[in-house]
Amino acid sequence: AETAANRICKVLAVNQENEKLMEEYEKLASELLEWIRRTIPWLENRVAEQTMRAMQQKLEDFRDYRRVHKPPRVQEKCQLEINFNTLQTKLRLSNRPAFMPSEGKMVSDIANAWKGLEQVEKGYEEWLLTEIRRLERLDHLAEKFKQKCGMHEAWTAGRNCGKRLWEIQARSLQESTPLPAMPSGVPCKPDILVCASIDCSNCVPGKEELLSQKDYESASLMEIRALMRKHEAFESDLAAHQDRVEQIAAIAQELK
């Protein structure tokens, strides 16, 4: 009788342990599947931000997900598979029917859900990096557009002072020397490159001002010929700057 009682107690203990493993499996499977369901919509959100800082923050959030939030779930998935296999082995040794999890919570169901998560995760990472590269290119184009516009406006202003400010700036950066002071009468705008030199006594009017002058009305024949040569030189200069205008227009179109 005592031996029979011991056997019964042993069987009951094994059954209780198996029941506990079943409950743990169901609970762990439910939590893991719920986390996957919550995470996928976040990874599927592909709304691009308008600034590089905002996109960098998205990338940092994604890295936190990879470093902090995902690893514990990977461990849970592994533990879930171990518990399932252990439980099935114990049931088979006890001549008990195999454990059948609730609908949608089979090991294969969890594996499929995890595979879908990783596919969405990969797509999200690729999208993030593509968007960041796109914004970097746009920033580069915007800076290039600004520089070319400034140089063209400097040419349009027509300040014939020998050296342009951008040339002086480039040399100053190389030599680590301070920029020369702007000559009196020369406009100084931080976003527009203008011509500048230490001596501005030879400055001539801007292009528009020159074209609007009517000095030919009272000019002599020799002076008219000189004006014609001057106008021909202007047309040649204008043609030389046409490529720059086309480049500016092309960059502007790309920025749209």
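Numbering (our numbering), first residue to last: 45 to 300.
Think of the CB as a built atom: it goes at the ideal place given N, C-alpha and C, for glycine as much as any other residue.
Quick caveat, the model's predicted, so the values are computed rather than measured.
- Burial state of Gly-148 is exposed, judged by a 10 Å Cβ sphere holding fewer than 16 other Cβ atoms.
- Following the DSSP letters along the chain, one finds Ala-98 inside the alpha helix (DSSP H) bounded by residues 96 to 108.
- CA-to-CA, the gap between Lys-192 and Ala-293 works out to about 10 Å.
- Lys-114 has its alpha-carbon roughly 15 Å from the corresponding atom of Ala-73.
- The beta-carbon distance between Leu-131 and Leu-65, rounded to whole angstroms, is 4 Å. This is short enough to meet the 8 Å contact definition.
- DSSP places Asn-139 in no alpha helix (DSSP H); its state is neither H nor E.
- Proximity of the stretch 93 to 112 to the stretch 149 to 161 falls short of the contact definition, fewer than three beta-carbon pairs being nearer than 8 Å.
- Contact between Leu-103 and Leu-172 is confirmed by a C-beta separation of about 5 Å, below the 8 Å threshold.
- Here Asn-129 is not near Glu-68, since their CB atoms are 8 Å or more apart.
- Met-144 and Leu-135 have their C-alpha atoms spaced approximately 11 Å apart.
- Secondary structure of Arg-90 (DSSP, three-state): coil.
- Around the beta-carbon of Met-272, fewer than 16 other beta-carbon atoms lie within 10 Å, marking it exposed.
- Rounded to whole angstroms, the separation of the alpha carbons of Arg-90 and Gln-297 is 25 Å.
- In the three-state reduction of the DSSP assignment, His-113 falls in the helix class, which pools H, G and I.
- Annotation: Ala-283 to Thr-95 spans about 38 Å, alpha carbon to alpha carbon.
- About 7 Å separates the CB atoms of Glu-169 and Phe-106; that is less than 8 Å, so the two are in contact.
- Apart from the 5 residues on each side of it in sequence, Ile-80 sits with its Cβ closer than 6 Å to the Cβ of Ala-157, Leu-161 in its chain, given in chain order.
- Contact between Lys-121 and Ile-84 does not hold, since the beta-carbon distance rounds to 15 Å and is not under 8 Å.
- The three-state reading of DSSP puts Ser-74 in helix, counting H, G and I together.
- Taking the Cα of Ala-98 as reference, the smallest distance to any Cα among Gln-119, Glu-175, His-275, Leu-76 is reached at Glu-175.
- With contacts defined by Cβ atoms closer than 8 Å, Lys-188 and Ile-295 form a contacting pair.
- Going by beta carbons, Leu-185 and Leu-124 fall outside the 8 Å limit.
- In the displayed model, Gly-194 falls within a helix according to three-state DSSP.
- When the alpha-carbon of Leu-56 is set against those of Arg-140, Met-150, Leu-265, Gln-119, the nearest one is in Arg-140.
- Rounded to whole angstroms, the gap between the alpha carbons of Asn-62 and Ser-152 is 21 Å.
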